[in-house]
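Novice: What follows is a structure written as structure tokens; I'll ask about it next.
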Amino acid sequence: ELERLNAPERTVVVVDGAEIEVVHPKLDIGHIDDAFDSRSQTLVRTRDANPCVIELALSEPTPVSVVSLHLTAEQYDVAVTVAPADGGEQVVVEEGFAELPANSWITLEMPRGPVPARSLTISISRPGDGHIHIREIRLR
Numbered sequence: 020e021l022e023r024l025n026a027p028e029r030t031v032v033v034v035d036g037a038e039i040e041v042v043h044p045k046l047d048i049g050h051i052d053d054a055f056d057s058r059s060q061t062l063v064r065t066r067d068a069n070p071c072v073i074e075l076a077l078s079e080p081t082p083v084s085v086v087s088l089h090l091t092a093e094q095y096d097v098a099v100t101v102a103p104a105d106g107g108e109q110v111v112v113e114e115g116f117a118e119l120p121a122n123s124w125i126t127l128e129m130p131r132g133p134v135p136a137r138s139l140t141i142s143i144s145r146p147g148d149g150h151i152h153i154r155e156i157r158l159r
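Going by the numbering used here, the first residue of the sequence shown is number 20, and it counts up by one from there.
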């Protein structure tokens with residue numbers, strides 16, 4: 020029963036006309052499509068997932084050079100793993116953020132420019148409880 024309650028959810032969201040399958044932890048505030056709605060007023064919060072791991076499966080190869088996250092707390096460790104559409108080596112970008120102002124945007128750039136991606140995994144952790152608050156996720 021506990022395993023079923025903690026199992027990730029699968030949702031399809033539409034971003035800029037393209038479908039993205041999102042695998043994400045259970046949420047106790049908002050719906051996962053709120054994280055892709057280009058509105059900083061909306062919010063999703065994980066029920067009990069720290070780190071919060073979000074997997075994005077893109078419907079077609081998409082060039083990704085930057086992943087931006089609008090987060091609410093002061094300190095985070097973030098990792099983004101991009102799987103190239105050509106099956107090449109994954110690109111991993113990791114960074115720690117401390118003493119951020121509330122409701123900050125953080126940006127992780129691909130070190131060698133745009134990667135034609137077929138999928139991405141975003142891992143977000145912070146000190147404290149199991150709630151990760153996300154206002155927005157953007158891929159550029």
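Backbone N, C-alpha and C define an ideal beta-carbon position, used for all residues, glycine too.
Measure the Cβ-Cβ separation of I73 and H43 and say whether it is below 8 Å.
Specialist: Numbered from 1 along the sequence shown, position 54 holds the residue referred to as residue 73. Numbered from 1 along the sequence shown, position 24 holds the residue referred to as residue 43. Their beta carbons are under 8 Å apart, which means I73 touches H43 by this criterion.
Novice: Do I39 and S78 come within 8 Å of each other at the CB atom, strictly closer than that value?
Specialist: Here residue 78 refers to the residue found at position 59 when the sequence shown is read from its first residue. Here residue 39 refers to the residue found at position 20 when the sequence shown is read from its first residue. Yes, the Cβ-Cβ distance between S78 and I39 is below 8 Å.
Novice: Distance check for A54 and T65, CA to CA, integer angstroms please.
Specialist: As a working mapping, residue 65 is identified with position 46 in the sequence shown. As a working mapping, residue 54 is identified with position 35 in the sequence shown. Roughly 12 Å between the two C-alpha positions.
Novice: DSSP puts G115 in a beta bridge; with which residues?
Specialist: Reading the sequence shown from its first residue, position 96 is the one you call residue 115. G115 pairs with D96.
Novice: Flag this pair as yes or no: are the beta carbons of V86 and V110 separated by less than 8 Å?
Specialist: Mapped onto the sequence shown, residue 86 falls at position 67. Mapped onto the sequence shown, residue 110 falls at position 91. It is not a contact, given that the beta carbons lie outside the stated cut-off.
Novice: Which of the three DSSP states, helix, strand or coil, is assigned to A54?
Specialist: Position 35 of the sequence shown, counting from 1, holds the residue named residue 54. DSSP places A54 in helix when its eight states are reduced to three.
Novice: Use the C-beta contact count for V31: other C-beta atoms within 10 angstroms, 16 or more gives buried, fewer gives exposed.
Specialist: For the purposes of this step, residue 31 is identified with residue 12 of the sequence shown, where counting begins at 1. With fewer than 16 other Cβ atoms within 10 Å, it is exposed.
Novice: For D96, tell me which candidate among N69, H89, T126 and G115 has the shortest Cα-Cα distance.
Specialist: As a first step, residue 96 is located in the sequence shown; it is residue number 77 there, counting from the start. Ranking N69, H89, T126 and G115 by Cα distance to D96 puts G115 first.
Novice: Should V42 be counted as a contact of the ligand COA given a C-beta to heavy atom distance under 7 Å?
Specialist: As presented, the structure is devoid of all ligands, the ligand COA included, so that no description of it is given.
Novice: Run through the stretch 25-82 for me and flag every whole beta strand (DSSP E) of 3 or more residues, listed as ranges in chain order.
Specialist: Qualifying beta strand (DSSP E) stretches, in chain order: 28-34, 37-43, 46-48 and 63-65.
Novice: So T81 and A136 are in contact, right, with Cβ under 8 Å, and what is the actual spacing, rounded?
Specialist: As a position in the sequence shown, residue 81 is number 62, starting the count at 1. As a position in the sequence shown, residue 136 is number 117, starting the count at 1. Confirmed, about 5 Å.
Novice: For R159, does the three-state DSSP call read helix, strand or coil?
Specialist: Numbered from its first residue, the sequence shown carries residue 159 at position 140. DSSP places R159 in coil when its eight states are reduced to three.
Novice: Going by other Cβ atoms of all chains shown within 10 Å of its Cβ, with 16 needed for buried, is E28 buried or exposed?
Specialist: Translated into the one-based positions of the sequence shown, residue 28 becomes position 9. Classification of E28: exposed, given that the 10 Å Cβ count is below 16.
Novice: Can you list, in chain order, the stretches of the beta strand (DSSP E) that have 3 or more residues and sit fully within the stretch 125-154?
Specialist: As far as the stretch 125-154 is concerned, its whole beta strand (DSSP E) runs of at least 3 residues are 134-144.
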